[in-house]
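Below: one structure, written as structure tokens.
2 protein chains.
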Amino acid sequence: MKIAVDAMGGDNAPEAIVSGVMLAKKDFPELEFQLYGKEAEIKKYVTDESNITVIHTDEKVDSEDEPVRAIRRKKQASMVLAAQAVKKGEADACFSAGNTGALLAAGLFIVGRIKGIERPGLMSTLPVIGENRGFDMLDLGANAENKAEHLLKYGILGSFYAANVRKVENPRVGLLNNGTEESKGSEVTKKAFELLTNEASINFVGNIESRDILNGVADVVVTDGFTGNAVLKSIEGTALNITKLLKQSILDEGVKGKLGALLLKNALGGLKNEMDYSKYGGAVLFGVKSPVIKTHGATEPEAVAATIRQIHTMLETKVVEKLTEQFERDDAAN
Amino acid sequence: MKIAVDAMGGDNAPEAIVSGVMLAKKDFPELEFQLYGKEAEIKKYVTDESNITVIHTDEKVDSEDEPVRAIRRKKQASMVLAAQAVKKGEADACFSAGNTGALLAAGLFIVGRIKGIERPGLMSTLPVIGENRGFDMLDLGANAENKAEHLLKYGILGSFYAANVRKVENPRVGLLNNGTEESKGSEVTKKAFELLTNEASINFVGNIESRDILNGVADVVVTDGFTGNAVLKSIEGTALNITKLLKQSILDEGVKGKLGALLLKNALGGLKNEMDYSKYGGAVLFGVKSPVIKTHGATEPEAVAATIRQIHTMLETKVVEKLTEQFERDDAAN
Numbered sequence: 001m002k003i004a005v006d007a008m009g010g011d012n013a014p015e016a017i018v019s020g021v022m023l024a025k026k027d028f029p030e031l032e033f034q035l036y037g038k039e040a041e042i043k044k045y046v047t048d049e050s051n052i053t054v055i056h057t058d059e060k061v062d063s064e065d066e067p068v069r070a071i072r073r074k075k076q077a078s079m080v081l082a083a084q085a086v087k088k089g090e091a092d093a094c095f096s097a098g099n100t101g102a103l104l105a106a107g108l109f110i111v112g113r114i115k116g117i118e119r120p121g122l123m124s125t126l127p128v129i130g131e132n133r134g135f136d137m138l139d140l141g142a143n144a145e146n147k148a149e150h151l152l153k154y155g156i157l158g159s160f161y162a163a164n165v166r167k168v169e170n171p172r173v174g175l176l177n178n179g180t181e182e183s184k185g186s187e188v189t190k191k192a193f194e195l196l197t198n199e200a201s202i203n204f205v206g207n208i209e210s211r212d213i214l215n216g217v218a219d220v221v222v223t224d225g226f227t228g229n230a231v232l233k234s235i236e237g238t239a240l241n242i243t244k245l246l247k248q249s250i251l252d253e254g255v256k257g258k259l260g261a262l263l264l265k266n267a268l269g270g271l272k273n274e275m276d277y278s279k280y281g282g283a284v285l286f287g288v289k290s291p292v293i294k295t296h297g298a299t300e301p302e303a304v305a306a307t308i309r310q311i312h313t314m315l316e317t318k319v320v321e322k323l324t325e326q327f328e329r330d331d332a333a334n
Numbered sequence: 001m002k003i004a005v006d007a008m009g010g011d012n013a014p015e016a017i018v019s020g021v022m023l024a025k026k027d028f029p030e031l032e033f034q035l036y037g038k039e040a041e042i043k044k045y046v047t048d049e050s051n052i053t054v055i056h057t058d059e060k061v062d063s064e065d066e067p068v069r070a071i072r073r074k075k076q077a078s079m080v081l082a083a084q085a086v087k088k089g090e091a092d093a094c095f096s097a098g099n100t101g102a103l104l105a106a107g108l109f110i111v112g113r114i115k116g117i118e119r120p121g122l123m124s125t126l127p128v129i130g131e132n133r134g135f136d137m138l139d140l141g142a143n144a145e146n147k148a149e150h151l152l153k154y155g156i157l158g159s160f161y162a163a164n165v166r167k168v169e170n171p172r173v174g175l176l177n178n179g180t181e182e183s184k185g186s187e188v189t190k191k192a193f194e195l196l197t198n199e200a201s202i203n204f205v206g207n208i209e210s211r212d213i214l215n216g217v218a219d220v221v222v223t224d225g226f227t228g229n230a231v232l233k234s235i236e237g238t239a240l241n242i243t244k245l246l247k248q249s250i251l252d253e254g255v256k257g258k259l260g261a262l263l264l265k266n267a268l269g270g271l272k273n274e275m276d277y278s279k280y281g282g283a284v285l286f287g288v289k290s291p292v293i294k295t296h297g298a299t300e301p302e303a304v305a306a307t308i309r310q311i312h313t314m315l316e317t318k319v320v321e322k323l324t325e326q327f328e329r330d331d332a333a334n
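So the protein lines, in turn, are chains F and G.
218 is the number that the UniProt record's numbering gives to position 218 of the first sequence; each next residue is one higher, with no gaps.
202 is the number that the UniProt record's numbering gives to position 202 of the second sequence; each next residue is one higher, with no gaps.
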């Protein structure tokens with residue numbers, strides 16, 4: 001298994017990326033890595049050269065670059081070369097912590113869509129609060145709008161991922177809607193409800209509300225890219241603000257606060273750990289021909305290693321191949 | 001000023017509703033209340049009869065009733081009678097803690113839309129975390145989908161409310177979108193961006209993301225009803241889950257946890273108070289001819305009193321009359 005790595009993407013590149021690869025190598029000594037980027041900088045952090053190939057390039061996609069233009073014009077950018085390696089069959093998967101839009105464009109235009117999946121979706125595994133498990137949600141923003149047919153595909157895609165990669169038995173697929181009743185929703189969600197209900201290959205459990213997703217009402221949450229993006233950012237913003245407020249309130253209490261915080265160190269630490277979903281890996285652009293994974297821009301080595309673990313599972317379980325086969329079979333049958 | 005009250009709506013009715021009215025009466029002895037519902041039950045909680053009229057009815061809208069059907073068929077329901085009182089001019093505003101959909105239907109079909117406002121929106125004042133102020137957001141779910149033109153109206157409506165009722169000078173209006181760049185969004189938000197930019201009567205500050213709204217990036221957040229509903233419920237779900245998790249983690253720590261929690265009592269209490277936006281009152285169905293306000297179903301007397309304070313300000317500032325005049329003027333000019 002070969003993984004093409006954009007070593008220059010993200011705020012802490014290349015240090016965090018390369019250090020993360022080094023961490024992951026310990027668990028998966030058989031994995032081969034191609035690191036794209038500035039050779040001299042990358043090599044500083046390569047502590048074990050076995051199965052590591054560094055491919056030098058000076059160019060990189062910047063966070064403020066317009067995504068599609070960057071992919072088309074910066075032909076030698078580390079991210080573009082990593083995606084090209086996957087396209088040419090020189091690598092089995094690629095990942096980057098860089099410009100999300102550009103990575104989505106690289107996935108769609110370089111790696112390419114699976115036949116039958118018109119609109120690949122961005123999917124993450126998010127935490128079920130207080131339980132040691134997650135749920136998959138898509139689309140988190142690969143698309144600015146979606147049709148009901150796309151949502152049906154997201155149900156199938158998410159279910160495939162939950163069953164194969166996360167080993168969830170008969171995953172419950174829920175449709176994010178503005179109420180749980182069957183009659184609820186916009187034109188798109190009403191039609192999607194019907195399509196999902198009639199899809200025999202998945203375990204559709206009906207409409208769910210964003211209030212309940214962190215409680216684990218479904219193993220797979222299906223939504224359009226605009227709503228998914230807004231919901232994910234709402235969860236992140238709320239969690240961040242509450243944590244910040246709690247810290248400030250503790251500081252305001254002076255010595256009493258510090259003592260209280262010391263006594264509650266485990267409890268407060270558990271809260272942080274609970275909300276940190278980078279332990280499940282990165283966001284998958286799901287529906288393209290090979291795993292294309294986005295890690296958070298401000299990523300640390302541990303999160304990079306978690307992402308490599310995730311990619312390893314995706315490759316080992318052949319989830320993308322299986323998905324491709326099923327869609328090709330369906331396509332041939334129609 | 002006369003307020004028509006659905007005394008039977010919500011989980012704790014009529015006790016919480018009537019007790020809240022009694023609380024509010026102390027601050028606003030001049031307000032007149034019409035309490036609709038079961039007379040014998042209501043009277044148990046009326047501790048001061050001045051300016052209180054109880055209008056007996058046995059019928060009420062239940063939480064599981066289909067909204068539009070309930071409004072059409074349950075002609076004698078306490079909520080319907082309260083809305084009728086407003087329509088007939090016997091009351092200046094109405095409020096309920098009952099079935100949200102039914103109250104929206106009562107507002108639209110009984111109280112009626114302001115000419116020029118095709119789709120009234122549900123608006124709440126939400127908290128800016130760590131600061132003693134709020135922001136207004138609409139539509140929170142009165143509509144399952146909206147056109148760009150509706151979002152323009154929400155910008156005007158929200159701005160009107162923030163300026164008149166909350167006394168915010170030149171309120172900053174932001175459009176909730178999937179990125180802050182001008183080019184971002186769905187067809188609807190792209191067009192709304194253009195319409196809001198060209199609207200001279202408001203201070204439009206551009207696209208904002210749901211991650212930042214609790215930080216107060218705008219005084220008015222404009223969004224379609226589907227997204228607004230999903231974002232509000234995400235914020236509520238996340239806050240609730242974090243609080244629950246924190247409590248559980250503290251309990252798991254045993255004596256140490258209890259001691260820590262005791263020392264942090266103020267800090268933890270501040271967190272709860274900060275997230276509780278019922279202090280700003282209820283959700284306004286904004287764009288109908290008189291104030292129609294929804295209070296949370298599980299409301300307590302304090303929240304009912306806060307809602308009455310809000311209604312008092314809305315009536316005193318004549319915000320709905322001013323809005324109606326402006327839209328009629330615009331309508332005449334076109």
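No residue lacks a Cβ here, since even glycine has one placed at the ideal position from N, Cα and C.
Counting only beta-carbon separations shorter than 9 Å, does residue i have a partner in chain F?
i, result
"G/Val-220", "no"
"G/Phe-193", "no"
"G/Ser-124", "no"
"G/Gly-107", "no"
"G/Asn-207", "no"
"G/Lys-184", "yes"
"G/Thr-313", "no"
"G/Leu-285", "no"
"G/Gly-270", "yes"
Determine the direct distance from the alpha carbon of residue j to that of residue i, and round the result to whole angstroms.
i, j, result
"F/Glu-131", "F/Ser-19", "30 Å"
"F/Phe-160", "G/Gly-155", "42 Å"
"G/Leu-323", "G/Leu-157", "8 Å"
"G/Ala-218", "F/Lys-233", "16 Å"
"F/Gly-228", "G/Met-22", "43 Å"
"F/Asn-266", "F/Lys-272", "10 Å"
"F/Ile-242", "G/Ile-129", "8 Å"
"F/Ala-85", "G/Val-165", "59 Å"
"G/Gly-112", "G/Val-288", "6 Å"
"F/Gly-107", "F/Val-292", "6 Å"
Along chain F, in chain order, which residues have C-beta atoms closer than 8 Å to that of residue i?
i, result
"G/Ala-267", "Leu-246, Ser-249, Ile-250, Asp-252, Glu-253, Gly-257, Gly-260"
Let me know the secondary structure DSSP gives residue i once reduced to three states.
i, result
"G/Thr-317", "coil"
"G/Leu-140", "coil"
"G/Ala-70", "helix"
"F/Asp-6", "strand"
"G/Glu-209", "coil"
"G/Glu-30", "coil"
"F/Ile-202", "coil"
"F/Ile-117", "coil"
Name the chain F residues that come within less than 7 Å of residue i, Cβ to Cβ?
i, result
"G/Glu-129", "Correcting the residue type first, residue 129 of chain G is Ile in the shown sequence and not Glu. The contacting residues are Asn-241, Leu-245."
"G/Lys-233", "Glu-209, Ser-210, Arg-211"
So with Cβ pairs under 9 Å, would you call residue i a contact of chain G?
i, result
"F/Ala-333", "no"
"F/Thr-317", "no"
"F/Ala-102", "no"
"F/Glu-187", "yes"
"F/Gly-141", "yes"
"F/Glu-145", "yes"
"residue 335 of chain F", "There is simply no residue 335 of chain F to check, as chain F begins at 1 and stops at 334 in what is shown."
"F/Glu-274", "yes"
"F/Leu-196", "no"
Would you say the beta carbon of residue i is closer than 8 Å to some non-hydrogen atom of the ligand GTP?
i, result
"F/Ile-311", "Ligands displayed in this structure: none; no statement on the ligand GTP is therefore possible."
List, in order along the chain, the chain G residues whose C-beta lies closer than 8 Å to that of residue i?
i, result
"F/Asn-215", "Gly-237, Asn-241"
"F/Asn-178", "Gly-141, Ala-144, Gly-225, Phe-226, Asn-229, Ala-230"
"F/Leu-263", "Glu-253, Lys-256, Gly-257, Leu-259, Gly-260, Leu-263"
Determine the chain G residues that contact residue i at a beta-carbon separation under 9 Å, and present them in chain order.
i, result
"F/Glu-300", "Simply none; closest approach about 20 Å."
So residue i contacts chain F; which residues on that side make the cut at Cβ distance below 9 Å?
i, result
"G/Phe-135", "Those do not exist, as G/Phe-135 stays about 13 Å from chain F at its closest Cβ, beyond 9 Å."
Quick test of the definition: if touching needs 3 or more C-beta pairs under 8 Å, does the segment 187-195 of chain G touch the segment 71-78 of chain F? When Cβ pairs closer than 8 Å are counted between the two stretches, the segment 187-195 of chain G is seen not to touch the segment 71-78 of chain F, the count staying below three.
Using 8 Å as the Cβ pair cut-off and three pairs as the minimum, do the segment 288-301 of chain G and the segment 8-19 of chain G touch? Counting Cβ pairs under 8 Å, three or more are found: they touch.
Cβ contact check for the segment 2-9 of chain G and the segment 95-108 of chain G: 3 or more pairs under 8 Å: In this structure the segment 2-9 of chain G touches the segment 95-108 of chain G; the number of beta carbon pairs closer than 8 Å is three or more.
Should the segment 237-246 of chain G be regarded as contacting the segment 174-185 of chain G, the criterion being three or more beta carbon pairs within less than 8 Å? Touching, no, given that fewer than three Cβ pairs across the two stretches are closer than 8 Å.
Counting Cβ pairs, one atom from each stretch, are 3 or more of them under 8 Å apart for the segment 106-121 of chain F and the segment 312-319 of chain F? The answer is no - the segment 312-319 of chain F does not touch the segment 106-121 of chain F, with fewer than three Cβ pairs under 8 Å.
Is the number of C-beta pairs between the segment 170-177 of chain G and the segment 209-224 of chain G that are closer than 8 Å three or more? Short answer: they touch.
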